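Going by our numbering, the letters in the sequence shown line up with residues 1 to 403, in that order.
All residues carry an ideal CB built from backbone N, CA and C; glycine is no exception.
Owing to the predicted nature of the structure, the values given are computational and were not obtained by experimental measurement.
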Amino acid sequence: MPIHLTINGKHVTAPEGATILEAARANGIDIPTLCHHPDLSNIGACRMCVVSVEKARGVQTACTTPAAEGMVVNTMSPEAIETRKFVLEMLLTDHPNDCMTCEVNGDCELQDLVYDYNVKWPEHNGKRHQYEIDPDPNPFIFIDRNKCILCARCIRACDEIQNRSVWNFANRGFETKLVAGADQLLLDAYCESCGQCVAYCPVGALFDKMSLGKGRIMQVKKVRTTCSYCGVGCNFDLNIRNGQIVRVTSAPDAPVNGMALCVKGRYGYDYVHHPDRLTRPMVRAKWLDADTVAEQVKSGQWALFTEAQQRRASLSYRRTSGNGKSPAQDSQSEITPDTFVKTDWDTALDVVARKFTQVKKDHGGDAFALLASAKCTNEENFIFNKFTRQMLATHSIDHCARL
Ligand code: SF4
Ligand code: SF4
Ligand code: SF4
Ligand code: FES
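Structure follows, in structure tokens:
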């Protein structure tokens with residue numbers, strides 16, 4: 001049975017069991033939050049979402065109060081606004097004035113709310129925490145407890161999504177502090193470095209260590225991609241600055257994984273820019289026309305596998321030019337039949353197509369056996385299957401999760 005209620009004078013309906021916050025947001029009415037995240041359980045910790053409810057005493061937290069039939073809610077009552085301002089002021093009394101150099105400047109929920117409610121950073125002589133910055137040697141998770149607003153989103157993300165339960169709060173009152181395990185290092189507390197806690201942190205208290213100083217939200221372009229590590233097909237956003245991947249961030253609308261990623265998907269991206277990475281197809285010299293190799297290598301369109309080979313080959317080409325011999329035939333040549341030549345894709349694919357056609361003609365389709373990979377996307381494996389059975393005419397196809 002849907003519930004009927006009134007929010008800010010608007011008559012709305014909500015499914016049974018919905019909170020005031022869910023009812024409001026489903027009807028386009030925003031209520032500010034900090035400790036709430038739709039993926040996580042509600043704990044009503046921050047009091048940012050307070051609203052006034054007719055006939056109820058004081059203000060109510062919209063994220064934990066169930067919507068009820070006939071309820072009349074005001075999300076912008078003077079009491080609600082004053083309470084939110086007070087909460088923000090309290091948070092800033094123990095928060096560094098660091099937005100200018102903070103990694104999450106422009107991507108910080110606290111900063112946005114402080115702006116929306118026009119709250120000033122309080123100068124005071126009271127106590128502020130002075131925690132050590134980046135105290136944990138974990139290579140992926142940067143911690144700055146001075147910026148922690150004790151919202152417990154990291155605790156719930158680690159517990160409810162990752163099922164590791166690494167984080168918790170120690171102590172009480174002003175001494176409350178986010179700790180891993182029994183105030184241990186992350187890895188000793190069985191952290192598996194998935195970075196979920198970072199992804200759910202609304203401020204700069206947790207951040208991706210590999211991305212420190214590499215570029216803030218306004219300096220990067222986000223490019224949605226599918227992870228290349230396994231067949232689950234998680235989506236995420238590559239954060240690109242000056243043509244380099246500087247960070248991976250979760251894509252909440254990713255259909256397979258939502259915000260969740262494993263350590264490989266989130267932090268295993270530096271291989272992309274590794275100088276040893278093969279970025280062009282390579283063909284053995286014996287499968288190519290020797291004169292074309294000489295010509296293309298000389299013109300710089302193609303290259304040999306190593307720079308040393310490339311240097312030696314340039315000399316050889318000069319020595320052999322015009323003698324009619326292929327580099328492979330020439331005893332002076334540094335190019336052997338098995339030398340890899342970096343070509344263009346059209347040339348490489350032509351060679352493959354030619355060889356496949358020849359083998360099929362000479363020996364039939366069952367001369368082939370193909371191994372697909374669980375690391376490919378469904379679409380890639382579908383095409384691979386079609387290619388194997390329909391083009392090569394064999395059913396010898398299998399796959400391996402580790403390929
Ligand atoms: S965490 Fe947010 S509010 Fe705090 S310094 Fe960084 S940008 Fe500013
Ligand atoms: S990185 Fe993953 S496992 Fe480690 S504390 Fe964060 S959420 Fe938990
Ligand atoms: S580290 Fe971030 S997510 Fe965790 S409690 Fe502090 S502010 Fe919240
Ligand atoms: S968002 Fe409701 S109490 Fe924090």
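Asked: From what residue to what residue does the alpha helix (DSSP H) around Gln434 run?; Found: Shown here, the chain extends from 1 to 403; a query on residue 434 therefore has no answer.
Asked: Decide yes or no for the touch test of the region 8–22 against the region 66–78: beta carbon pairs closer than 8 Å, at least 3 of them.; Found: yes
Asked: Does the region 107–115 come close enough to the region 27–41 that 3 or more CB-CB pairs lie under 8 Å?; Found: yes
Asked: Would you say Leu92 touches ligand 2, meaning its beta carbon is less than 7 Å from a heavy atom?; Found: no
Asked: Can you tell me which of Leu370, Ala303, Phe368, Cys376 puts its alpha carbon nearest to the alpha carbon of Phe340?; Found: Ala303
Asked: With a CB to CB cut of under 7 Å and the five nearest residues on each side skipped, what residues in its chain are close to Gly173?; Found: none
Asked: Expressed to the nearest angstrom, what Euclidean distance is found between the alpha-carbon atoms of Lys221 and Phe356?; Found: 41 Å
Asked: Would you please state the rounded distance, in angstroms, between the beta carbons of Leu432 and Lys360? I believe it to be under 8 Å.; Found: This structure cannot speak to residue 432, because the chain is shown only from 1 to 403.
Asked: What are the start and end residues of each continuous beta strand (DSSP E) run of 3 or more residues lying completely inside the region 185–272, in chain order?; Found: 206–208, 221–226, 235–241, 244–250
Asked: Between Cys49 and ligand 4, is there a pair consisting of the residue's CB and a ligand heavy atom that are separated by less than 7 Å?; Found: yes
Asked: Can you tell me where the alpha helix (DSSP H) holding Ala26 begins and where it ends?; Found: 20–26
Asked: When burial is assigned at 16 or more other CB atoms within 10 Å of the CB, is Pro122 buried or exposed?; Found: exposed
Asked: Measuring only the C-alpha atoms, how far is Gln329 from Glu192?; Found: Low confidence applies to Gln329: its pLDDT is 42, below 50, so where it sits in the model is not reliable enough to give any reading.
Asked: Could you give the distance in angstroms between the alpha-carbon of Val293 and the alpha-carbon of Gly268?; Found: 36 Å
Asked: Tell me whether the region 216–236 and the region 94–107 touch, counting them as touching only if at least three CB pairs, one residue from each stretch, are closer than 8 Å.; Found: yes
Asked: Between Asp136 and the rest of its own chain, which residues show a CB-CB distance below 6 Å, the 5 nearest in sequence each way excluded?; Found: Ile143, Leu185, Leu186
Asked: Do the CB positions of Gln196 and Ile155 come within less than 8 Å of each other?; Found: no
Asked: Which word fits Ala189, buried or exposed, when buried means at least 16 other C-beta atoms lie within 10 angstroms of its C-beta?; Found: buried
Asked: Ile133: beta carbon under 7 Å from a heavy atom of ligand 3?; Found: no
Asked: Over what stretch of residues does the alpha helix (DSSP H) that includes Ser299 continue unbroken?; Found: 290–299
Asked: Measuring only from the beta carbon, is Val297 closer than 7 Å to any heavy atom that is part of ligand 2?; Found: no
Asked: Could you check the C-alpha separation between Tyr317 and Lys298 for me, to the nearest Å?; Found: In this predicted model, Tyr317 has a pLDDT of only 47, less than 50, meaning its place in the structure is not dependable; the value taken from the coordinates is given anyway. One C-alpha to the other measures close to 8 Å.
Asked: In chain order, what residues of the same chain lie with their CB nearer than 8 Å to the CB of Arg284, ignoring the 5 residues before and after it?; Found: Pro337, Asp338, Thr339, Phe340, Val341
Asked: When the Cα of Thr249 is compared with those of Asn242, Arg224, Ala348, His273, which residue comes out closest?; Found: Arg224
Asked: Got a sec: is the Cβ-Cβ distance from Gly9 to anything in chain D below 8 Å?; Found: Here chain D cannot be found, since the structure has a single protein chain.
Asked: For Val351, I'd like the list of residues in its chain whose CB is within less than 6 Å of its CB, leaving aside the five on either flank, ordered along the chain.; Found: Val283, Trp287
Asked: Here's the rule: buried if 16 or more other CB atoms are within 10 angstroms of the residue's CB, otherwise exposed. What is Gly243?; Found: exposed
Asked: Does ligand 3 have even one heavy atom less than 7 Å from the beta-carbon of Pro202?; Found: yes
Asked: Pull the bridge partners of Asn74 from the DSSP assignment, please.; Found: Ser52
Asked: Report the three-state DSSP secondary structure of Leu370 (helix, strand or coil).; Found: strand
Asked: Quick check on DSSP: helix, strand or coil for Ile3?; Found: strand
Asked: Is the closest heavy atom of ligand 2 to the C-beta of Gln162 under 7 Å?; Found: yes
Asked: Distance, Cα to Cα, Gly265 vs His11?; Found: 44 Å
Asked: Figure out for me which residue from Ala251, Ser77, Gln130 has the closest Cα to the Cα of Asn97.; Found: Gln130
Asked: DSSP on Ile161, reduced to helix/strand/coil?; Found: helix
Asked: Is any heavy atom of ligand 4 found at a distance shorter than 7 Å from the C-beta of Thr75?; Found: no
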